[in-house]
Amino acid sequence: MSGGSAGEMIAAAAMDLVGARFQLQGRDPRTGLDCVGVILAALAVNGRAPPPVPPYTMRRTQLDPFDRLAAAQGLRDVSGAAEPGDVLVFRTGPAQWHAAIATAGDHVVHAHAALRRVVSSPVPPEWTIVRHWRVPS
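Just add 990 to the spot in the sequence shown (first one is 1) and you have our numbering.
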């Protein structure tokens, strides 16, 4: 992929993952991805090698390991409207977190466990953003 900003490249890479199979702890688009796998695969287009990921389960109370992971990937905290390629972490329920890549408008690419695949969809109104990171240009 060439041309465009880092964010646009990451958003395009995320869109290329739509349709990939869902797999908890999945890191390979050919065999399946979870939400962390989607983020790491999309960031890889910008030359970011996937680091070791701290152990996690679908439910957790702390985001500290992922804050460290974001910092290790060179992501910076931002606020305001999401731009294409931004990494968003949502609270989707009690002790339930979900990560996604912003694409355009209110749309994100994320691994949908119930649909068993990676999808592009509008952000559900009940999801609350708890982390908002961006790759520096």
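Each residue gets a CB set at the ideal place from its N, CA and C atoms; glycine is no exception.
Per DSSP, the unbroken beta strand (DSSP E) holding residue 1124 starts and ends at 1118-1124.
Counting along the chain, the unbroken alpha helix (DSSP H) around residue 1027 starts and ends at 1025-1034. Per DSSP, reduced to three states, the secondary structure at residue 1055 is helical. Counting of Cβ neighbours within 10 angstroms places residue 1120 among the exposed residues, the total staying below 16. DSSP places residue 994 in no beta strand (DSSP E); its state is neither H nor E.
DSSP places residue 1089 in the strand class (E or B) of the three-state scheme.
Approximately 16 Å separates the beta-carbon atoms of residue 1028 and residue 1122; this is outside 8 Å, ruling out the contact. At a Cβ-Cβ threshold of 7 Å, residue 1007 and residue 1031 count as neighbours. In this chain, residue 1012 is not harboured by any beta strand (DSSP E), its DSSP state being neither H nor E. Nearest to residue 1071 by C-alpha distance, out of 1052, 1093, 1085, 1089, is 1093. Straight across, the Cα-Cα distance linking residue 1037 with residue 1115 is about 33 Å. If you draw a 10 Å sphere on the C-beta of residue 1065, you find 16 or more other C-beta atoms in it, and that means buried. Counted as a single uninterrupted DSSP element, the beta strand (DSSP E) harbouring residue 1078 occupies residues 1077-1083. Looking at 1009, 1068, 1077, 997, the one whose alpha-carbon comes closest to that of residue 1026 is 1077.
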